[in-house]
Amino acid sequence: MLRRILFYLALALLMAAVLFPLYWVVVTSFKTTRDAFAIPPVWFFEPTMDNYRRILANRGFLAAFANSFVVSIVSSAIAVAIGAVAAYGLASQDAPYRRSQEKFILTLRIAPALLFVIPVYFLATRIGALNTHWLLIAVYAFINIPFAISLLLTFFNDVPRELRDAARVDGAREFTVFSRVFLPAAKGGIVATMILCVLFTWNEFFIALVLSGRSTQTLPVSITSFLTFQGIQWGALTAAGSLIMLPMIILGLLVQGQIVRGLTLGSVKG
Amino acid sequence: MTTLADPTRYFHRPIVAALGVVSVILTAYVVWLTLRDVSLLRAGQDAFVGADNYLRLWNDPRAISALVRTALFTVLATGIEVALGLAIVLFLDRDFALRRLVRALLLVPIIMTPVVVGLTWRFIFDPATGMANYALSVLGIGPVDWLGSTEVAIFSVLIADVWQWTPFVVLLVMAGLESAPTDPLDAARVDGAREWQVTWYILLPMLRRVLAVVALIRAIDSIKAFDLFYIMTRGGPALSTETLNYYGYVAAFTNFDISYALTIALVLTVFTNVALLTMYGVLFPKSGER
Amino acid sequence: MISRRNLLAATAAVGILAAFPGSSVAQDKPFDGVQLSVLMEGHPTTDAISKMLPAFTEATGIDVQLEVVPEQDITAKTLLEFSSKSGRYDVVQNNIIYVPGFVASNYIVPLDDTLAKYAQYFDKADFVPGYFNTNVVDGKTYGLPVYGESTFLMYRKDLFQEYGLSEPKSFEDIEAAAKTVSEKTNKEIAGITMRGQQGIQGVYVWAAYLWGFGGSFLDESGKSALATPEGIAALEAFTKVLREYGPVGVANFGWEENRLLFQQGKAAMTLDATVNGAFNEDPAVSTVAGKVGYVPVPMKSASPKGGSSSLAVHSLYVSADSQNQEAAAVFAAWATAKEQQVKSLETDPNSGVTSLTALNGEAFGKRYGAFKDAMLAAINQGNPQYLPTIDKANEVINNTGIAVSKALAGASSAADALKEADTANNAALAR
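Which chain is which? The protein sequence lines are A, B and C, in order.
Take the first sequence: its letters are residues 1 to 270, numbered as in this note's numbering.
Take the second sequence: its letters are residues 271 to 560, numbered as in this note's numbering.
Take the third sequence: its letters are residues 561 to 991, numbered as in this note's numbering.
Okay, structure coming up:
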């Protein structure tokens, strides 16, 4: 019994540490500026909706929401689709070859954003692709593909080879094996990969700052406009921050069960 | 099987080749830019300068100490995050009430936008109005200068990074744990092995691959870490939190010295490649492969 | 920061404007159908202008696409556009310190002809002269000020009275008063707080000491001249008051942290931007409203090379690659005209207005009366060269910031840190 109590106590501490910053952001978004910075902290206060009213009246912010949505979903879908095909091919190779390819893919993930945003910017100016959604989509997809490949490879490796060999013996064509056998077997891994790609794109700041324009500006760039020369508008910033995180948190909560199910259900043993 | 033409290679080869071609073109363009003196302050007046930018970097003590700092931050961040993440996975690997909810909530830090995370931690660490020093004062401990001390600041950024990315490790290792077969564990338990022996001798080896992948991903991202430094300390105080990547950003976007910034970024990329491929070789020894 | 009443007014105004889209006839609209792309920084002024855009389109037929990015990134973004000749933005907002660089590179164009042609949007006499003149190069007007500020010394009248201190008039007074308050309150209240963060933040405030002690960033030949006796004394005095009587964490204080500490009553003095007055006097965010005195930044040197109050002005500029330069200039004029500035005070907390009509208006006086006179005095003494206005300004400021930060952290002596900065600056200037 004592062990149980200790366990729950430790769990509560862990969760408090994990959740405090989110709590702080959300609570501050309902506070007046004065309450927000009071020390000792004000735990009970009269909530205000002013910050949200202000944000929702901001057309630029709403447009940024739409941009972030389109860019992150499309680029992640492309990355996962391409990544899954490549990972399938790699998972079927023998170890030494796979290692060499994996190494190459790993090197692609290493370049800091600074290294390619500037050249990409110069090139995009020349072909007139600045200020288009496709520029951002292409860049994010390109970044996400190596990530998707290396992550999916770990999931595909957990799918027993026997599964593929059996389907082949039955005369299935390779693409059928991939789409009918591998993809369902690794569904959880694919969902998890997709979510992580969407998340990365949704939150990415630096690339978007340089490459997005007036009609493609994404949320993280949009919220930093509350960091002004004459002060951080904490109320608006935390309200915007809460709204930005809301869809991702809902998504995370919804599919986390699916990730687990996908990985634990019978397909592995099937 | 090997004697047959293997159709699976048509799955990855074109993709890997396309990635390769794009990278080679971009790299070549970057190399060309680093051999010139492109500055945003002098459009169209740049000239070929040979290896000047590389020589300048070699003789730039600020760059060298930024490189050392980057290595320190990466090793600490990766090590702490993987160890702590694994500990949390093992801690949570049992049946308890609210288990699903707890696991869902663990996603929260990685979901939070890094820019917002940085601002939040900056406020938590504010010496006068921050929660960290308030909590310490409740415990009767004097204020800590979290972000204003040259000795402490980098560790404050590290705390924020660990807070945000340990759950990522947890998420992936948990997935790995769940897809691992339970039979060997049960068999060992039936044979009378103690729980720590089961964990150490059976569970950890099974998790090796996923741990290795997570460590690599975290190491790469730590080297490139930008948002938290940008928001929390901007490289200060007295350069004590300036990483090489951040110095590259300063060169490009504060000093507008595009060629030098790309030189920094390129050299960082090369160093990182060498370091991580070595690490890869250690983490995935040939004999251990399936 | 924004009161509920103002918010309602703003929402109502937007609603009314939105109710009459493009209803008028197109006759005297020379720009009908023209699209302008405008880059501005996140700021209350920008918010206010964005709310008034429908009226501008109504009056001129110009459709404005506004992009807003953070202030600290706007120069990089602007330069990236300018240097690649993308013509992506017709109008950009920026800090005056970059104007010489922009003009030298032919990135921006003079506005005089258009301003003369569309005099209904432009009244030169209505701009604060100190702000307006910063954009004049060789007699040509290159930009129109959107908002501006200077710096002054703020002190707590109540604390000064309590400890028998008189209004601080010199740097010695500041140090003595800081010492007294810090000792008498047993460090409960910091004697003084200032921004110490590495980079522009620390430099922006330390420059008051630099000029005040008779130093300057550059010498007559344009070389970096920080490690002079004046410069070293300025850095020693600055770090001494902060290290001995300043608050914990001051080495990472940006504008925000510094302002919060002062307005929460935890410091007796601060030397900072005039805009801080607006925060000090707002009872909704401040516990020191009505208790703050405002005095000019001291001047120690008998023969200063320049004033010790800053002049920070952010203006609108028209890109040389714009396809619609005339329409762009009309927008810049309209956005900074007095009618719009007066209106902006109704919708947003905009204490940086550049129009004399707006400054002397009732709305401004009511909100910001406590420091208005001190602010105007500071602006009038404001030093247009307060930060170096050369094309490499950013790099020089960055290197200087490292020196200030190193001295403040005790990582090296003031003299060594400044010598290092001089070396780095001169290498940059020679490139």
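Just so it is clear, CB atoms sit at the ideal spot from N, CA and C, and this is done for glycine as well.
Bear in mind the structure is a predicted one, so any value in this text is a computation, not a measurement.
- A straight-line Cα-Cα distance of about 10 Å links leucine 9(A) and leucine 2(A).
- Taking C-alpha positions only, alanine 38(A) is separated from alanine 81(A) by approximately 49 Å.
- When the beta-carbon positions are compared, methionine 502(B) and arginine 392(B) come within less than 8 Å of each other.
- In the three-state scheme derived from DSSP, where H, G and I count as helix and E and B as strand, glutamine 824(C) is classed as coil.
- Rounded to whole angstroms, the Cβ separation of isoleucine 195(A) and threonine 383(B) is 15 Å, and the two are not in contact under 8 Å.
- Serine 309(B) has Asp527(B) as its beta-bridge partners, per DSSP.
- Between threonine 278(B) and glutamate 174(A) the beta-carbon gap is near 6 Å, inside 8 Å, which marks them as a contact.
- The residues Glu709, Ser911 and Gly912, in chain order, have a CB closer than 7 Å to that of valine 835(C) in the same chain once the five nearest residues on each side in sequence are set aside.
- Per DSSP, proline 21(A) is one residue of the alpha helix (DSSP H) stretching across 2-29.
- Under the Cβ distance rule, phenylalanine 281(B) counts among the residues neighbouring chain A, one pair being separated by less than 8 Å.
- Cβ neighbours of threonine 799(C) within its own chain (closer than 7 Å, five residues either side excluded): Ala967, Leu968 and Ala974.
- Within the segment 504-518 of chain B, those residues whose Cβ lies closer than 7 Å to any Cβ of chain C are, in chain order, Arg504, Gly505, Gly506, Pro507, Ala508 and Leu509.
- DSSP, reduced to helix, strand and coil, places glutamate 204(A) outside both helices and strands of the structure shown, so it counts as coil.
- In this structure serine 781(C) is exposed. Its beta-carbon is surrounded by fewer than 16 other beta-carbon atoms within 10 angstroms.
- Sequence-distant Cβ neighbours of alanine 141(A) in its own chain, meaning closer than 6 Å and more than five residues away, are Ser75, Ile78 and Ala79.
- CA-to-CA, the gap between isoleucine 380(B) and alanine 430(B) works out to about 11 Å.
- A distance of 8 Å or more separates the beta carbons of aspartate 415(B) and valine 408(B).
- Ranked by Cα distance from asparagine 58(A), the first of Ser225(A), Ala86(A), Ile232(A) and Leu152(A) is Ser225(A).
- Glutamine 758(C) belongs to the set of residues whose beta carbon lies under 8 Å from a beta carbon in chain B.
- The contact set of lysine 747(C) on chain B, defined by CB atoms closer than 9 Å, is empty, because the minimum CB distance reaches about 10 Å.
- A straight line joining the alpha-carbon of leucine 289(B) with that of proline 689(C) spans about 57 Å.
- For proline 789(C), the uninterrupted alpha helix (DSSP H) run begins and ends at 789-805, by DSSP.
- As computed with DSSP, tyrosine 854(C) is found in a beta bridge with Met714(C).
- Rounded to the nearest whole angstrom, the C-alpha separation of glycine 806(C) and tyrosine 678(C) is 52 Å.
- By the neighbour-count definition (other C-beta atoms within 10 Å, threshold 16), tyrosine 500(B) is a buried residue.
- Taking a Cβ-Cβ threshold of 8 Å, none of the residues of chain B is close to tryptophan 43(A); the smallest such distance is about 12 Å.
- Taking CB atoms only, glycine 782(C) has no neighbour in chain B less than 8 Å away.
- In the DSSP assignment, glycine 708(C) is bridged to Val873(C).
- Shown here, glutamate 627(C) sits in a strand according to DSSP, grouped into three states.
- The residues Ala737 and Thr740, in chain order, have a CB closer than 7 Å to that of leucine 725(C) in the same chain once the five nearest residues on each side in sequence are set aside.
- The bridge partners DSSP lists for glutamine 653(C) are Leu876(C).
- For glycine 83(A), same chain residues with a beta-carbon under 6 Å away, outside a window of 5 residues either side, are Ile145, Ala148, Ile149 and Leu152 in chain order.
- Going by C-alpha positions, arginine 755(C) is about 16 Å away from phenylalanine 395(B).
- Using a CB distance below 7 Å, the part of the segment 519-546 of chain B facing chain C consists of Val520, Phe523, Thr524, Asn525 and Phe526, ordered along the chain.
- From the beta-carbon of phenylalanine 61(A), no residue of chain B is found nearer than 8 Å; the closest lies around 14 Å away.
- Under the three-state reduction of DSSP output, glutamine 758(C) falls in the coil class, being neither helix nor strand.
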